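Enquirer: First, the structure itself, so that you have it in front of you.
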Amino acid sequence: MSELPDGPLTGTRVVSFGQALAGSECPALLADLGAEVVKVESLTRALNVRLRSRRDHPPVYEPSGVEATSGVGVTARGQLAISLDMRNPAGLAVAHRLIGKADVLIENFSVGVMDRWGLSNRELELRYPQLVSLSMPGYGSSGPYRDYVAFGGNMSSYIGTTAMWGISDATQNDYVAAVHGALAVVAGLAYRDKANKGIHIELPQVEAGAALLGPYYLDAAANHRDLPPRAELVGGGYYLDVFPCAGPDSWLVIDVRDAGQWSALAQVIAEPALTEDPRFLTAEARWANRSDLNALISRWTAERTSYQAMTALQSVGVCAGVAQDGEQLYHDPQLWSRGHVVEVEHPDLGMYRYSQSALKMSKTPGLYRGRQPRAGEHTREVLTRWLGIDDAEVDALEREGAFA
Amino acid sequence: MASLPLLADLKVLDIGNSWTAYATKLLADLGAVVIKVEEPSGDPMRHWTPVAAGKDGSQVSLHYAYYHANKKGITLDTQTAAAADILRALVNWCDVVVISPDPQDIMAGGTEIPDGYLRIKPLLVVASVTGFGLTGPYRGMQSSSAVAHAMSGKLYVGGPPEGPPALFPVNVFVDMAGTAAALAIVSAIRVVPAVGGQVIDIAAHEYHAAHRFHQYAGNSVLVRRSDNTNYIIPQGMWQTKKGTVEFQVWTADQWAGFQKLLANPPELADPRLADTVYRAHHAEYLRPFIAARLLERDAADLFRQAQELHIPSAVLNTPGDLLNDPHAQAQQFFAPVDDGELGRAEMKRSPFRSEPPISAQQEPAPALGEHNQEVYVDILRFTPSDVEGWRRAGII
Chain A
209 MSELPDGPLT GTRVVSFGQA LAGSECPALL ADLGAEVVKV ESLTRALNVR LRSRRDHPPV
269 YEPSGVEATS GVGVTARGQL AISLDMRNPA GLAVAHRLIG KADVLIENFS VGVMDRWGLS
329 NRELELRYPQ LVSLSMPGYG SSGPYRDYVA FGGNMSSYIG TTAMWGISDA TQNDYVAAVH
389 GALAVVAGLA YRDKANKGIH IELPQVEAGA ALLGPYYLDA AANHRDLPPR AELVGGGYYL
449 DVFPCAGPDS WLVIDVRDAG QWSALAQVIA EPALTEDPRF LTAEARWANR SDLNALISRW
509 TAERTSYQAM TALQSVGVCA GVAQDGEQLY HDPQLWSRGH VVEVEHPDLG MYRYSQSALK
569 MSKTPGLYRG RQPRAGEHTR EVLTRWLGID DAEVDALERE GAFA
Chain B
227 MASLPLLADL KVLDIGNSWT AYATKLLADL GAVVIKVEEP SGDPMRHWTP VAAGKDGSQV
287 SLHYAYYHAN KKGITLDTQT AAAADILRAL VNWCDVVVIS PDPQDIMAGG TEIPDGYLRI
347 KPLLVVASVT GFGLTGPYRG MQSSSAVAHA MSGKLYVGGP PEGPPALFPV NVFVDMAGTA
407 AALAIVSAIR VVPAVGGQVI DIAAHEYHAA HRFHQYAGNS VLVRRSDNTN YIIPQGMWQT
467 KKGTVEFQVW TADQWAGFQK LLANPPELAD PRLADTVYRA HHAEYLRPFI AARLLERDAA
527 DLFRQAQELH IPSAVLNTPG DLLNDPHAQA QQFFAPVDDG ELGRAEMKRS PFRSEPPISA
587 QQEPAPALGE HNQEVYVDIL RFTPSDVEGW RRAGII
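As you go down the protein sequences, you meet chains A and B in turn. Counted the way the numbering used here counts, the first sequence spans residues 209 to 612. Counted the way the numbering used here counts, the second sequence spans residues 227 to 622.
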């Protein structure tokens, strides 16, 4: 890792109790930016990012017997893994000492867990006044639903995403929350530098998701309706839909942005009706006559592969993109050209290919800075380096059961 | 009320468009001073739907009202020769310039575009937010939230197995890239004293691709929509007698809770069903059985009962439903704002909470050119007659 260029957060120390996808991806983004992130995990209650993601493949185990992170285990990238039994007083004491050396603390436990460990907001502020701490509860630490359990898909349903999308996406809200959480942390560090004191920030994950639907809540209140009609959902778009292309399960999104692109589309597919037929003249009319309109456009797309259709439309400035499947994504020349592909050797899983950080910065780049760790892989290293304790003391802590 | 604007000293110039609107909204909500530059004819987002009737009977874009709250709005025709000096003054004033060059200009200029701003002010952070980025063979292609959704691999895996895949026809995939840009910007600002200014190049395509790429390239799993439909049963939406409910049942404990929610039917008693993969293989049996049981129930009751059994679950809300949700109301998700053009509006508050609050008092989105005088005269120290001359020449 040492030969990589520094990131903007190099030198920043983070202790993460982040669980599941949002709680793992948020500190991973900080690790991409160069922060040293210690991921605290209990070996007896392994993180659910270790849940089998190869579906029907047999699981792969680490030497400790814990299941190896594969799939969404990529969200543990660049982090140092330490195993602590927080119910053991010795384990809890180590956690407190690590937090004392950290700039940032991240957690997304159910409300009340941190309080039981003597890590309530009040205690954190008192004992670690320079700490920037981020809590990412599902619904928030107060209010009627504070104790409700929620995964990403549930939160999408609660805020309106599922109703507007028409499907229940399991991970959308997790990624939204993670990147907002990372932003909150770095903004918190900026505040600490100026004010010379720490800050506690709470980011309810449902509120991160809802922040992306702001116009639709304004609409519901102002126009007294649950949801705008489809023609009004698309914001600045002229016409948007998914069209079938040649070959099995092959689809193209055409997202016409303005009247000029609409004329260009009509010309390319040789259907003057698009600009002449009164059924297609206004957004409302286009949506009301959607099946007729889509039949005209599909006649053209269905005779071409999705890439041929995309290229023909993009060459005249019409906004369009292929619904790429996993294999097509892997062969995407734009990704390869921009250095997206990182090859990683994992001791249990073998050779993997993961994504380079999308946080492209010319001097202090976001980077994939290391494979997902084995559970507890860095316990001894972190204790030695952060706390300055020697092997004999680590051994003693191990005998006390601190690391289970 | 006292507040903690975390980025109070940060000065941001947004000369982008809908690609940059959410990135700079986040910075504004965190306390930065954001100047939004518009063409004299107005930002295209002012014409986005949905709209609401304004105080004076005009149609107000709710996107504009939401995304540009807390910003200062000025007009400038950046294509005119006379604008170069004005733009130079604006760039010299700010710490961050946020841009979203047109793909055609990227084909011609590429990374030269942000470098031009750095030459004006070397300590500047220049952030570009686009569909495909400033480099690479697709850099000249038009993009949008839906195109980013499609090209990233995220669209393909959602929706009915027979197709078409389900579009999420709103701007969220652009806004997520904008959030990544805001993260990179506040990070870059931290190291300006050490390394100087730099260029940030956020591409929505690769930001979203990173969330799917590992499944095929890493795990050799080609996920299809049929897999997602039956993955982790009873994931997904279920109709009830009244309303729709949604579950995420992953662990054995959660499956035991779900059995209890359905009054422990013998049909679900097989212990092998605690395994998610085993359930997926019996989808044809499980889905109709579960659907029939849930159809007799009430979504709101199921949500409450499922939560008592610690099952990750929710009711399906529309945006309108959320306004009336007891938790959203108790937590004040929405702050009534007196928007100058719109009147009283239910504005989603910034999601960042602290004591005292981080976010400054909400200011409504600016009217076209509302802050020309304040920015050009009071901040940049041009004379009122300069500004009047530009106005007559159509530059602002």
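In this text, a Cβ means the ideal position worked out from N, Cα and C, and glycines have one as well. A quick note: this is a predicted structure, and the numbers were derived from the prediction, not measured.
In three-state terms, what does DSSP make of P337 (chain A)?
Expert: Along the first sequence, read from residue 1 onward, the residue named residue 337 (chain A) stands at position 129. P337 (chain A): coil per DSSP, three-state reduction.
Enquirer: T609 (chain B): buried (16+ other C-beta within 10 angstroms of its C-beta) or exposed?
Expert: Locating residue 609 (chain B) in the second sequence gives position 383, where the first residue counts as 1. With fewer than 16 other Cβ atoms within 10 Å, it is exposed.
Enquirer: Just list the beta strand (DSSP E) runs in the segment 306-352 of chain B, keeping only unbroken ones of 3 residues or longer that don't cross its boundaries, in chain order.
Expert: Whole beta strand (DSSP E) segments, 3+ residues: 322-325.
Enquirer: In chain A, which residues lie less than 7 Å from Y433 (chain B) when you measure between Cβ atoms?
Expert: Residue numbering aside, residue 433 (chain B) sits at position 207 when the second sequence is read from its first letter. Ordered by position in chain A, the residues that pass the 7 Å Cβ test against Y433 (chain B) are A566.
Enquirer: To the nearest angstrom, how far is it from the Cα of G357 (chain B) to the Cα of E432 (chain B)?
Expert: The residue labelled residue 357 (chain B) in the question sits at position 131 within the second sequence. The residue labelled residue 432 (chain B) in the question sits at position 206 within the second sequence. So the two alpha carbons sit approximately 9 Å from each other.
Enquirer: Under a three-way DSSP split, which group does I415 (chain B) fall into?
Expert: In the second sequence, residue 415 (chain B) corresponds to position 189, counting from 1. Three-state result, I415 (chain B): helix.
Enquirer: Give the secondary structure of V260 (chain B) by DSSP, where H, G and I count as helix, E and B as strand, and everything else as coil.
Expert: Stepping through the second sequence from its first residue, residue 260 (chain B) is reached at position 34. Residue state, collapsed to three classes: strand.
Enquirer: Would you say A509 (chain B) lies against chain A (beta-carbon separation less than 8 Å)?
Expert: As a working mapping, residue 509 (chain B) is identified with position 283 in the second sequence. Not one chain A Cβ lies under 8 Å of A509 (chain B).
Enquirer: Measuring CA to CA, which of B:Q285, B:V260, B:Q558, B:R607 is closest to M271 (chain B)?
Expert: For the purposes of this step, residue 271 (chain B) is identified with residue 45 of the second sequence, where counting begins at 1. Looking at the Cα atoms, B:Q285 is the closest of the given residues.
Enquirer: In this structure, how does DSSP classify Y446 (chain A) when only helix, strand and coil are distinguished?
Expert: In the first sequence, residue 446 (chain A) corresponds to position 238, counting from 1. In the structure shown, Y446 (chain A) sits in coil (DSSP, three-state: anything other than H, G, I, E or B).
Enquirer: Which residues of chain A have a Cβ atom closer than 8 Å to the Cβ of D294 (chain B), listed in chain order?
Expert: Numbered from its first residue, the second sequence carries residue 294 (chain B) at position 68. It should be pointed out that residue 294 (chain B) corresponds to His in this sequence rather than to Asp. Simply none; closest approach about 11 Å.
Enquirer: Determine whether the Cβ of S267 (chain B) lies closer than 8 Å to any Cβ atom of chain A.
Expert: If you number the second sequence from 1, residue 267 (chain B) lands on position 41. Not closer than 8 Å to any Cβ of chain A, the Cβ of S267 (chain B) fails to qualify, so no.
Enquirer: Less than 8 Å between CB atoms is the rule here; does R618 (chain B) satisfy it with respect to chain A?
Expert: Residue mapping note: residue 618 (chain B) aligns to position 392 of the second sequence, counting from 1. No, no contact with chain A.
Enquirer: In whole angstroms, what is the alpha-carbon distance linking A489 (chain B) and I367 (chain A)?
Expert: As a first step, residue 489 (chain B) must be located in the second sequence, where it is residue number 263. As a first step, residue 367 (chain A) must be located in the first sequence, where it is residue number 159. Rounded to the nearest angstrom, the two C-alpha atoms are 29 Å apart.
Enquirer: Report the neighbours of S563 (chain A) on chain B: residues whose CB is nearer than 7 Å to its CB, in chain order.
Expert: In the first sequence, counting from the first residue as 1, residue 563 (chain A) sits at position 355. Simply A435, A436, F439, H440.
Enquirer: With C-beta atoms as the reference, is F399 (chain B) less than 8 Å away from H437 (chain B)?
Expert: Translated into positions along the second sequence, residue 399 (chain B) becomes position 173. Translated into positions along the second sequence, residue 437 (chain B) becomes position 211. No. Outside cutoff.
Enquirer: Which residues in chain B have a C-beta closer than 8 Å to the C-beta of A419 (chain A)? List them in chain order.
Expert: Residue mapping note: residue 419 (chain A) aligns to position 211 of the first sequence, counting from 1. Under the 8 Å cutoff, chain B gives K574, S576, P577.
Enquirer: Which residues of the segment 337-364 of chain B have a Cβ closer than 8 Å to any Cβ of chain A? Give them in chain order.
Expert: Within the segment 337-364 of chain B, the residues whose Cβ lies closer than 8 Å to some Cβ of chain A are F358, G359, T361, G362, P363, Y364, listed in chain order.
Enquirer: Judging by CA-CA distance, which residue of B:S244, B:D303, B:V323 is the nearest neighbour of D401 (chain B)?
Expert: Position 175 of the second sequence holds residue 401 (chain B). Nearest of B:S244, B:D303, B:V323 to D401 (chain B), Cα basis: B:S244.
Enquirer: Three-state secondary structure (DSSP) at R579 (chain A)?
Expert: Here residue 579 (chain A) refers to the residue found at position 371 of the first sequence. R579 (chain A) falls in the coil class under three-state DSSP.
Enquirer: Buried or exposed: M227 (chain B), going by 16 or more other Cβ atoms within 10 Å of its Cβ?
Expert: On the second sequence, position 1 is the one that residue 227 (chain B) refers to. The pLDDT assigned to M227 (chain B) is 47, lower than 50, so where the model puts this residue is not dependable; a value taken from the coordinates is nonetheless given after this. Exposed.
Enquirer: Using a Cβ-Cβ distance cut-off of 8 Å, determine whether W508 (chain A) contacts chain B.
Expert: One-based indexing of the first sequence puts residue 508 (chain A) at position 300. W508 (chain A) does not count as touching chain B.
Enquirer: Excluding the 5 residues flanking E572 (chain B) on each side, which residues of the same chain have their C-beta closer than 7 Å to its C-beta?
Expert: Numbered from 1 along the second sequence, position 346 holds the residue referred to as residue 572 (chain B). So the qualifying residues of the chain are L549, F560, P562.
Enquirer: State the start and end residues of the unbroken beta strand (DSSP E) segment that holds A462 (chain B).
Expert: Position 236 of the second sequence, counted from the first residue, corresponds to residue 462 (chain B). For clarity, residue 462 (chain B) is Gly in the given sequence; the question names Ala instead. Run containing G462 (chain B): 462-465, per the beta strand (DSSP E) assignment.
Enquirer: Taking the C-alpha atoms as reference points, what is the distance between E551 (chain A) and L238 (chain A)?
Expert: By one-based count along the first sequence, residue 551 (chain A) stands at place 343. By one-based count along the first sequence, residue 238 (chain A) stands at place 30. If you take the alpha carbons of E551 (chain A) and L238 (chain A), they lie about 21 Å apart.
Enquirer: State yes or no: is the C-beta of I409 (chain A) within less than 8 Å of the C-beta of S580 (chain B)?
Expert: As a first step, residue 409 (chain A) must be located in the first sequence, where it is residue number 201. As a first step, residue 580 (chain B) must be located in the second sequence, where it is residue number 354. Yes. Within cutoff.
Enquirer: Identify whether P486 (chain A) lies in helix, strand or coil by the three-state DSSP scheme.
Expert: Counted from its first residue, the first sequence places residue 486 (chain A) at position 278. P486 (chain A) falls in the helix class under three-state DSSP.
Enquirer: Can you list, in chain order, the stretches of the beta strand (DSSP E) that have 3 or more residues and sit fully within the segment 461-537 of chain A?
Expert: You should have 528-530.
Enquirer: Does M271 (chain B) come out as helix, strand or coil in the three-state DSSP assignment?
Expert: For the purposes of this step, residue 271 (chain B) is taken as the residue at position 45 of the second sequence. Correct three-state label for M271 (chain B): helix.
Enquirer: What number of angstroms, rounded off, separates the C-alpha of E534 (chain B) from the C-alpha of A540 (chain B)?
Expert: Within the second sequence, residue 534 (chain B) is the residue found at index 308, counting from 1. Within the second sequence, residue 540 (chain B) is the residue found at index 314, counting from 1. Their backbone Cα atoms lie some 12 Å apart in a straight line.
Enquirer: Under a three-way DSSP split, which group does A540 (chain B) fall into?
Expert: Here residue 540 (chain B) refers to the residue found at position 314 when the second sequence is read from its first residue. In this structure, A540 (chain B) counts as strand in the three-state DSSP scheme.
Enquirer: Give a yes or no on whether the minimum CB-CB distance between S611 (chain B) and chain A is below 8 Å.
Expert: The count along the second sequence starts at 1 and reaches residue 611 (chain B) at position 385. No, S611 (chain B) does not count as interfacial toward chain A.
Enquirer: When you compare the CB positions of I346 (chain B) and V317 (chain B), do they come within less than 8 Å of one another, or not?
Expert: The residue labelled residue 346 (chain B) in the question sits at position 120 within the second sequence. The residue labelled residue 317 (chain B) in the question sits at position 91 within the second sequence. Result yes, Cβ atoms of I346 (chain B) and V317 (chain B) sit closer than 8 Å.
Enquirer: Any beta-carbon of chain A closer than 8 Å to the one on S580 (chain B)?
Expert: Against the second sequence, residue 580 (chain B) aligns to sequence position 354. Closer than 8 Å to some Cβ of chain A, the Cβ of S580 (chain B) qualifies, so yes.
Enquirer: Please list the residues of the segment 276-307 of chain B that have a C-beta atom closer than 7 Å to any C-beta atom in chain A, keeping them in chain order.
Expert: Those residues of the segment 276-307 of chain B that come within reach of chain A (Cβ to Cβ, closer than 7 Å) are P276, A278, L288, H289, A291, Y292.
Enquirer: Can you check whether the C-beta of M227 (chain B) is within less than 8 Å of a C-beta belonging to chain A?
Expert: Taking the first residue of the second sequence as position 1, residue 227 (chain B) is located at position 1. The predicted model places M227 (chain B) with a pLDDT of 47, which falls under 50 and marks its position as unreliable; any figure quoted below should be read in that light. It does not: the Cβ of M227 (chain B) has no partner Cβ on chain A nearer than 8 Å.
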